[in-house]
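What follows is one structure encoded as structure tokens, with my remarks underneath.
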Amino acid sequence: IRLIQEASPFVGQWIEKEYERQKNNVELIASENYCSDAILAACGSCLSWKYAEGYPYERNSGNKGRYYGGTENVDQIEEYCCEQWRKVFHTDYHVNVQPHSGSQANFAAYRALIRPGDTVLAMSLDNGGHLTHGSSVNFSGKLYNMVFYDVDENGYIDMEDVRKKAKKYRPNLIVAGASAYSRIIPFEEFAEIAKKVGAYFMVDMAHIAGLVAAGEHPTPFGYADIVTTTTHKTLRGPRGGMIFGRPELAKKIDSAVFPYAQGGPLEHIIAGKAICAEEAQQPAYREYIHQVVLNCRAFCDEFLKMGYTVVTGGTDNHLFLLDLRDHRFSGNDLQKACDEAGITLNKNAVPNDPRPPKETSGVRVGTAAMTTRGFLEEDFREVARRIDRIVKKLDEEFEEK
Ligand code: PLP
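Numbering (the UniProt record's numbering), first residue to last: 17 to 417.
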């Protein structure tokens, strides 16, 4: 920090403030986490200076090698990174570790499987899907003919609806995975439906990848043709994305990432991803993820005990959604009030939300980040009670209005 402050007092000052905020606030954003110092150091290393367009593994995918000289060191790291991720997920799928983000990974994954105008069946965004699963303002909604499946009246993915829509629309691709879904996703059932209608099946496991790695969520490997993920959520790695695919899709995936979607890979981030993969194979990581799940259950149960409505009535993973439709205030109001109290969470639409996306009638909370900081079940129960006090105050304020 001192180095940065000397070079740029302005930037240094704000990084320091952000560091303090991150250290002192109760961080409940389900997609955030704190990576290790080793990963952070790799991301700030000299690898940031290196251009390495192309791939180190010519022989595997049939793609050409690198387009630059001097890549012998980063080649080692990138190949090792791919190998380690296959070990994490016990898979022989091809892996591309170059996507700069989860969205870039999805952009390239679609490109590898389908063409503009093709039909994609994905989870509707207001039910928990991600922007890249068909939002009209995202590339996915603009390039592809997106159709959506919904959740049932209990908030669970409605597999009957998936079956019905797959039969009706005959999609080229079915996508499973979500940003705000608290239950187990039945990959096997999805794969059967996709097979029946002749569609590719893709899983975006960005949120639950850490749980899959630690055996706390069923694996999509063996069922999905392509699996995409981010590395910075439950995986607790550097900010970035990855794509895994059946070996026969290797060449298509690689050319969809480079040269189609991206230029030079971020080799410093790839080094961070390699360390992340090593960490994810340690017993300590499994224990961490197990605690994330236990904490989430305890956190959620405390809200249920206090009479709150939780979408699906509970959670199987690292997050859940509080449904605030019974209250006069919005998800946005609660987000702001929590911010003032040093609790960071995000507003989130709930199924059949009557409010617009900037307001919403829910908030999403997750336990991955605070578990990294050592929180246990009782700490999360206490946070639930603190949020309850904020909710009661808002109830009073909005009653008076
Ligand atoms: N896919 C899912 C399911 C996500 O939740 C997210 C991010 O929240 C992404 C993809 C996109 O990741 P990124 O923000 O790195 O583009």
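The beta carbon of each residue, even a glycine, is placed where N, CA and C say it ideally should be.
The ligand ZN heavy atom lying under 6 Å from the CB of residue i
i      : result
Ala222 : With respect to the ligand ZN, the structure shown offers nothing to examine, as its ligands consist of the ligand PLP.
Rounded straight-line distance, which links the Cα of residue j to that of residue i
i      : j      : result
Gly279 : Ala287 : 18 Å
Leu63  : Val308 : 32 Å
Ala125 : Glu416 : 51 Å
Gly171 : Tyr160 : 26 Å
Ile17  : Cys354 : 28 Å
His223 : His116 : 16 Å
Phe414 : Ile130 : 49 Å
Lys409 : Phe345 : 11 Å
Ala240 : His343 : 40 Å
Asn41  : Glu32  : 14 Å
Thr388 : Pro25  : 30 Å
Pro281 : Thr148 : 21 Å
Ala290 : Cys51  : 13 Å
Pro299 : Thr245 : 22 Å
Pro236 : Glu204 : 8 Å
Glu398 : Leu265 : 48 Å
Val243 : Gly257 : 11 Å
His110 : Ala23  : 42 Å
Val407 : Val113 : 42 Å
Met175 : Arg262 : 24 Å
Glu36  : His106 : 38 Å
Cys292 : Lys39  : 21 Å
Met218 : Ile403 : 37 Å
Ser61  : Thr247 : 18 Å
Ala68  : Ile285 : 13 Å
Phe319 : Thr325 : 8 Å
Glu283 : Ala272 : 18 Å
Closest by C-alpha distance to residue i, when choosing among the options
i      : options                        : result
Glu48  : Ala215, Thr360, Met218, Asp395 : Thr360
Asp349 : Pro281, Leu137, Glu412         : Glu412
His233 : Asp241, Pro202, Gly256, Asn112 : Pro202
Met139 : Glu32, Lys158, Leu189, Tyr276  : Leu189
Leu44  : Arg371, Leu338, Pro373, Asp369 : Leu338
Glu294 : Gln38, Val104, Gly238          : Val104
Gly378 : Phe396, Phe336, Arg402         : Phe336
Glu375 : Lys363, Pro367, Val163         : Lys363
Gly330 : Ala196, Ser52, Ile31           : Ala196
Ala58  : Glu36, Val90, Ala46            : Val90
Leu56  : Phe396, Met258, Pro254         : Pro254
Phe391 : His306, Cys292, Val327         : His306
Ala365 : Glu169, Pro132, Tyr216, Leu340 : Leu340
Ile269 : Lys39, Asn122, Asp369          : Asn122
Glu208 : Gly231, Pro373, Val191         : Val191
Lys181 : Ser198, Leu141, Thr135         : Thr135
Gly193 : Ile173, Val273, Leu310, Glu393 : Ile173
Tyr304 : Leu227, Glu356, Pro373         : Leu227
Glu34  : Gly150, Gly238, Ala225, Gly358 : Gly358
Environment of residue i [buried if 16+ CB atoms lie within 10 Å]
i           : result
Gly118      : buried
Trp65       : exposed
His146      : buried
Lys183      : exposed
Val27       : exposed
Arg252      : buried
Asn143      : buried
residue 461 : There is no way to answer for residue 461, as the model of the chain reaches only from 17 to 417.
Asp108      : exposed
Arg401      : exposed
Lys158      : exposed
Gly86       : exposed
Glu249      : Looking at the sequence shown, residue 249 is not Glu but Lys. Result: buried.
Arg405      : exposed
Pro72       : buried
Leu19       : exposed
Arg82       : buried
Ala101      : It should be noted that the sequence gives Trp, not Ala, for residue 101. It counts as buried.
Tyr276      : exposed
Tyr216      : buried
Arg186      : exposed
Gln120      : buried
Any chain D beta carbon closer than 7 Å to residue i
i      : result
Pro299 : The structure shown contains no chain D, having only a single protein chain.
- request: With a floor of 4 residues, list each alpha helix (DSSP H) that falls wholly inside the region 361-409, ordered by position along the chain.
  value: 384-388
Flag this pair as touching only if the region 144-157 and the region 82-99 have three or more C-beta atom pairs under 8 Å; answer yes or no.
no
query = What beta strand (DSSP E) runs, 3 residues minimum, are completely inside the region 156-184?
reply = 161-165
- Message: At 3 residues or longer, what runs of the beta strand (DSSP E) sit wholly inside the region 125-152?
- Response: 135-139
Item to complete: Answer yes if the region 314-327 comes into contact with the region 378-393, meaning at least three C-beta pairs across the two stretches below 8 Å, and no otherwise.
Response: yes
query = Mind pulling the beta strand (DSSP E) runs of 3 or more residues that sit fully within the region 324-350?
reply = 335-339
Task: Inside the region 231-305 only - beta strand (DSSP E) runs reaching at least 3 residues - done: 242-246, 257-261
What residue ranges within the region 53-116 form continuous alpha helix (DSSP H) runs of no fewer than 4 residues, ordered along the chain? 53-59, 74-77, 88-104
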